[in-house]
Amino acid sequence: MKILVTGAAGFIGAATAQRLLNEGQEVVGLDNLNDYYDVKLKQARLARLTGHGAFRFVKLDLADATGVAALFARERFQRVVHLAAQAGVRYSLENPSAYVLSNVTGTLNVLEGCRHSAVEHLVYASTSSVYGANTHMPFSVHKGVDHPLSLYATTKRANELMAHNYSALFKLPTTGLRFFTVYGPWGRPDMALFLFTRNILEGKPIDVFNNGHHKRDFTYVDDIAEGVVRACGRIAQPDPSWNGNAPDPATSFAPFRLYNIGNNRPVELMRYIEVIEEALGRKAIKNFLPLQAGDVPETCADIDDLVRDVGYRPATAVEVGVRRFVDWFCNYYGYKR
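The opening position of the sequence shown corresponds to residue 692 in the numbering used here, with each subsequent residue numbered one higher.
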């Protein structure tokens, strides 16, 4: 199949494109290569893909409606994996317009492209951040998510609602995947694991928010990519038992589905830091800080639907995943442990 992967130079996008190529698919990777973080890292991810004969790269901003429409009309993709987005909870407090332009306008253009070129299935990235002020654990796709705590989360929730519009009006099969705290090799420089590892190696303090009382459902990037690819292969179908008098947010009378992808095993932040210290053979200097605006104290994914429908359960333990990241980080940046 010919599959479009948006955000192909990104952390999850590059891993997913590689996984699809390994499966024998033809992949067109799209990215605008913006400078939200080090463009050289994005280019290095792409370099690992461009040597593959079944991969082509297109530099394009999804907010360019004309360019996106032309791409879809020219390529006639069978399936689309939409992972491009302006990421980061805290940055959304500083530059909210970037999130609306990329995550809302960009996604609208992808939906329009899918609609007008008869794409078989759109799989797109959502986030655990949509659960916002919810405190009932584990987070379930069958519960409401109407109290987001950041504009980033709001734009991702908007993506889910927009996808449902297109599923209902145009019968476009869509599957939204709520990712839980993704980490691993080739990760983003603004993420905790990257920041912690670099600062520990350089003898600098690490900022530990919520005074270390966070718990996160850390999910290894290869597990995320595997879940995305498997979901892509299972085209969303209408739910025959859906009832408008008691509407299930995770399904619909339309070909629409939502799933969590998480490890289903929350880890305390202080334990996470210990694992990093063990992998580095060094102790961290900790700077304890209060809970930050937009953050939530705990996340945990209910993945029963993913296991039942998609047949997949993420399984990489943080002790394994963190060590793989540390090995990559030290090799890529030339640090000695």
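Note that CB positions come from ideal geometry on N, CA and C, so glycine has one too.
Considering only residues of the same chain and omitting the five flanking positions on each side of residue 966, which have a CB-CB separation below 7 angstroms?
Excluding sequence neighbours, residue 966 sits near 1009, 1010, 1013.
Determine the extent of the alpha helix (DSSP H) in which residue 717 is found, giving its start and end residues.
Residue range 717-722 is occupied by the beta strand (DSSP E) that includes residue 717, with no alpha helix (DSSP H) assigned at that position.
For residue 1023, count neighbouring Cβ atoms within 10 angstroms of its own Cβ and tell me buried if that reaches 16, exposed if not.
Residue 1023 should be labelled exposed.
Kindly identify the DSSP beta-bridge partner or partners of residue 989.
In DSSP, residue 989 forms a bridge with 906.
Does the separation of the CB atoms of residue 773 and residue 701 fall below 9 angstroms?
No. Outside cutoff.
Hey, how far is the Cα of residue 765 from the Cα of residue 866?
The straight-line gap from Cα to Cα measures roughly 24 angstroms.
DSSP puts residue 1041 in a beta bridge; with which residues?
In the structure displayed, the chain extends from 692 to 1028; residue 1041 sits before or after that span and is not available.
In or out: residue 783 buried (at least 16 other Cβ within 10 Å) or exposed?
With a 10 Å radius around the Cβ and a threshold of 16 neighbouring Cβ atoms, residue 783 comes out buried.
Given a threshold of 16 other Cβ atoms within 10 Å of its Cβ, counted over all protein chains shown, does residue 731 qualify as buried or as exposed?
Exposed, because fewer than 16 other Cβ atoms sit within 10 Å of the Cβ of residue 731.
Between residue 1009 and chain B, is any beta-carbon pair separated by less than 9 angstroms?
The structure shown contains no chain B, having only a single protein chain.
Where does the unbroken beta strand (DSSP E) through residue 817 begin, and where does it stop?
Unbroken beta strand (DSSP E) run through residue 817: 812-818.
Pick out whichever of 729, 920, 946 has its Cα sitting closest to the Cα of residue 932.
For the set 729, 920, 946, the Cα lying nearest the Cα of residue 932 is the one of 946.
Residues in its own chain within less than 6 angstroms of residue 980 by CB, not counting five upstream and five downstream?
Around residue 980, the same chain offers 898, 900 as residues with beta carbons nearer than 6 angstroms, after the five sequence neighbours per side are excluded.
Specify, as a first and last residue, the run of the alpha helix (DSSP H) that residue 652 falls within.
With the chain represented from 692 up to 1028, any question about residue 652 goes unanswered, as that position is not in the structure.
Please report the Cβ distance between residue 829 and residue 725, rounded to the nearest whole angstrom; I am assuming they are in contact, meaning their Cβ atoms lie under 8 angstroms.
Residue 829 to residue 725, Cβ: 34 angstroms. No contact.
Can the beta-carbon of residue 771 be found less than 9 angstroms from the beta-carbon of residue 720?
The beta carbons of residue 771 and residue 720 sit no closer together than 9 angstroms.
Under the assumption that residue 977 contacts residue 968 (Cβ atoms under 8 angstroms), give the Cβ distance between them as a whole number of angstroms.
Contact doesn't hold; Cβ gap of about 10 angstroms is too wide.
Report the three-state DSSP secondary structure of residue 743 (helix, strand or coil).
Residue state, collapsed to three classes: coil.
For residue 992 versus residue 848, is the C-beta spacing smaller than 9 angstroms?
Not a contact, by the Cβ cut-off of 9 angstroms.
Are there 16 or more other CB atoms within 10 angstroms of the CB of residue 729, so buried, or fewer, so exposed?
A residue is called buried when at least 16 other Cβ atoms come within 10 angstroms of its Cβ; residue 729 does not meet this threshold and is exposed.
Environment of residue 718 [buried if 16+ CB atoms lie within 10 Å]
Classification for residue 718: buried.
Can you say whether residue 741 is buried or exposed, counting buried as having 16 or more other CB atoms within 10 angstroms of its CB?
A residue is called buried once 16 or more other Cβ atoms fall within 10 Å of its Cβ, and residue 741, having fewer, is exposed.
Assigned exposure category for residue 802 - 16 Cβ within 10 Å defines buried:
Buried: at least 16 other Cβ atoms inside 10 Å.
At a cut of 8 angstroms, does the stretch 707-714 reach the stretch 918-936 through at least three beta carbon pairs?
With the cut-off at 8 angstroms, the stretch 707-714 and the stretch 918-936 touch.
Test item: CB-CB of residue 890 and residue 843 under 9 angstroms
Cβ atoms of residue 890 and residue 843: not closer than 9 angstroms.
Only counting the same chain, and skipping five residues up and downstream in sequence, which positions put a Cβ closer than 7 angstroms to that of residue 1028?
So the qualifying residues of the chain are 971, 972, 1021.
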